[in-house]
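According to the working numbering, the sequence shown is numbered sequentially starting from 1.
Heads up: the structure comes next, in C-alpha cells.
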Amino acid sequence: MSQDKGIAVEFRDVTLSKNNRSLVSNLNFTIRQGEALVLLGRSGSGKTTTMKLINHLFSPTRGEILFEGKPTTEWDEIRLRRKIGYVIQEIGLFPHFTVEKNVGLVPSLEGWKPKQIKTRVHELLNIVSLPPEQFAGRYAHELSGGQRQRVGVARALAADPPVLLMDEPFGALDPITRLELQKEFKRLQQELGKTVVFVTHDIQEAFVLASRIGLMYGGEMVFLGTPEEFLRSSHPEATAFMECIKSVV
Ligand SMILES: Nc1ncnc2c1ncn2[C@@H]1O[C@H](COP(=O)(O)OP(=O)(O)OP(=O)(O)O)[C@@H](O)[C@H]1O
Ligand SMILES: [Mg+2]
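See the structure below:
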C-alpha cells in the first residue's frame, strides 16, 4: 500500500456531478494526520458533499480520494466507515435506542465487553456535559436539539476512530454552551491527536477550531490556509466572511 505517512486524506482532482450539474469540482487538497481542517462556506457551497466523498457516501465522478493512501472506491465500506467517526448535520440518533445504546453502538459492533462499553459511554457523556446518571437512559425525543447534538458527538468519538467528520455539530447550541464545547473539543482533539474535518458556516467557530480553513464557494475550494493566512486573503468570499465579524463588533 502506498501510504504516505502524515497524510490522512488526499483529494486528487475530484469532481462530483449529478444530473449534469457539479456539486463540487476540481478539489485538490490533502488533510494531514492530526489536523483540524475546517470547511467554511455559505449554504449550498459543497461542504457536506465534500465530507460525504471522504467516507464514500458519494463516489467521485472524476478524480479520486485516497484514505490512508488507498482510493475510497477500493475500501471495504464497513471498514472504511469504522475508521471515520461521523456527526451528521441532522444528528441521526436511533429513536428506539437510549442515549447509552446510541453512544455505545460502534464499540458493541466492534465486540467490546459490556463493562468496557459502559465505562467508555459514561466517560464520553461526561465530556459532552450530559451527566450519565441523568441522560444515559433517555431516548432522543426526551432531549433538546442541542443535547441530541452532543450525544451525536459522543457517539462519533466512542470507538476512538482516527478520523472524525463533523458536519455543523454545534449548530443547535446556545452561544455559551457552544463556546464551551468548542474549547473542550479543541483540547480533546489536540490531546488525542485526532484528524478532524469540521464543517461550519460560522467564521468565529472556524477560528476557534481550525488549524487550517478550507473556504468553499460554488462547489470549489477557493482558499486553503491557516486562520492567519485567511485574515490576509483577498478572495472576495473570504472578505465577505470577515465582514460578518466586523458587523457584530
Ligand atoms: N444528493 C444530491 N443530489 C443532487 N444535488 C445535491 C445532492 N446533495 C446536495 N446537492 C446540491 O449540491 C450543492 C452542495 O450541497 P451541500 O449539501 O454540499 O452544501 P453545504 O455547503 O453543506 O450547505 P449547507 O450549509 O446548507 O449545509 C447544493 O446546491 C445542493 O442542492
Ligand atoms: Mg451541509
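For every residue, glycine included, the Cβ atom is placed at its ideal position computed from N, Cα and C.
Exercise. Lys115: beta carbon under 7 Å from a heavy atom of ligand 2?
Worked result: Remark: the shortest separation between the CB of Lys115 and any heavy atom of ligand 2 does not fall under 7 Å.
Exercise. Could you name the residues, in chain order, whose CB is less than 5 Å away from a heavy atom belonging to ligand 1?
Worked result: With the cut-off at 5 Å, the residues found are Lys18, Leu23, Ser43, Gly44, Ser45, Gly46, Lys47, Thr48, Thr49.
Exercise. If we ignore side chains and look at the alpha-carbon of each, how far apart do Thr30 and Phe11 end up?
Worked result: Those two C-alpha atoms are separated by around 6 Å.
Exercise. How would you label Gly92, buried or exposed, when you count the other beta carbons within 10 angstroms and need 16 or more for buried?
Worked result: Gly92 comes out exposed.
For this session: Examine chain C for any beta-carbon lying closer than 8 Å to the beta-carbon of Lys70, and answer yes or no.
Result: Among the chains in the structure shown there is no chain C, since it carries only a single protein chain.
For this session: Name the residue from Ile203, Thr15, Glu64 whose alpha carbon lies nearest to the alpha carbon of Glu243.
Result: Nearest of Ile203, Thr15, Glu64 to Glu243, Cα basis: Ile203.
Problem set entry | Exposure of Glu100, with buried meaning 16 or more beta-carbon neighbours within 10 Å | For Glu100, the number of other beta carbons within 10 angstroms of its own is at least 16, and it is reported as buried.
Problem set entry | Exposure of Lys246, with buried meaning 16 or more beta-carbon neighbours within 10 Å | Counting the other CB atoms within 10 Å of its CB gives Lys246 a total below 16, which places it among the exposed residues.
For this session: From the DSSP output, read off the bridge partner residues of Arg62.
Result: Beta-bridge pairing links Arg62 to Thr15.
Exercise. Can you tell me whether Glu240 is buried or exposed, with buried defined as 16 or more other CB within 10 angstroms of its CB?
Worked result: Residue identity check: residue 240 is Ala in the sequence provided, not Glu. Exposed, by the Cβ-count rule.
For this session: Return the CA-CA distance between Ser117 and Asn102, expressed in angstroms with no decimal places.
Result: The displayed chain sequence assigns Ile, not Ser, to residue 117. A direct Cα-Cα distance of roughly 11 Å separates Ile117 from Asn102.
Exercise. Is the closest heavy atom of ligand 2 to the C-beta of Val199 under 7 Å?
Worked result: Inclusion of Val199 in the 7 Å shell around ligand 2 follows from its C-beta lying nearer than that to a non-hydrogen atom of the ligand.
For this session: Identify whether Val99 lies in helix, strand or coil by the three-state DSSP scheme.
Result: In the structure shown, Val99 sits in a helix (DSSP, three-state: H, G or I).
Exercise. Leaving out the 5 sequence neighbours to the left and right, which residues in its chain are closer than 6 Å to Ser211 when beta-carbon positions are compared?
Worked result: Setting aside the 5 residues that flank it on each side, Ser211 is surrounded in the same chain by Glu35, Ala36, each with a C-beta closer than 6 Å to its C-beta; the list follows chain order.
Problem set entry | Contacts around Tyr139, its chain only, beta-carbon distance under 7 Å, and the 5 residues preceding and following it disregarded | Only Pro95, Thr98 meet the Cβ criterion.
For this session: Using only the heavy atoms of ligand 2, determine whether one of them is closer than 7 Å to the beta carbon of Asp167.
Result: Checking every heavy atom of ligand 2 against the Cβ of Asp167, one is found closer than 7 Å.
For this session: Please name the residue or residues paired with Phe29 in a DSSP beta bridge.
Result: The secondary-structure analysis by DSSP pairs Phe29 across a beta bridge with Phe11.
For this session: Give every residue of the same chain whose Cβ lies closer than 6 Å to the Cβ of Ser144, excluding the five residues on either side of it in the sequence, and list them in chain order.
Result: Close CB contacts of Ser144 within its chain, under the 6 Å cut and outside five residues either way in sequence, are absent.
Exercise. Taking C-alpha atoms, which residue in His235, Ala159, Glu205 lies nearest to Trp112?
Worked result: Closest by alpha carbon: Ala159.
Problem set entry | For Gly46, the nearest candidate out of Gln33, Asn26, Phe230, Arg32 (CA to CA) | Scanning Gln33, Asn26, Phe230, Arg32 for the CA closest to the CA of Gly46 turns up Asn26.
Exercise. Does DSSP put Arg81 in a helix, in a strand, or in coil?
Worked result: The answer is helix: DSSP assigns Arg81 an H, G or I state.
Problem set entry | Endpoints, beta strand (DSSP E) assigned at Leu224 | Boundaries of the beta strand (DSSP E) harbouring Leu224: 220-225, taken from the DSSP string.
For this session: For the beta strand (DSSP E) holding Ile213, just list the boundary residues, first then last.
Result: Under the DSSP assignment, Ile213 falls in the beta strand (DSSP E) whose first and last residues are 212-217.
Exercise. Along the chain, which unbroken stretches of the alpha helix (DSSP H) at least 4 residues long are found entirely within the stretch 123-179?
Worked result: As far as the stretch 123-179 is concerned, its whole alpha helix (DSSP H) runs of at least 4 residues are 132-135, 145-157.
Problem set entry | Member of Asn19, Lys194, Gly146 whose CA lies at the smallest distance from the CA of Thr61 | Of the listed residues, the one whose Cα sits closest to Thr61 is Asn19.
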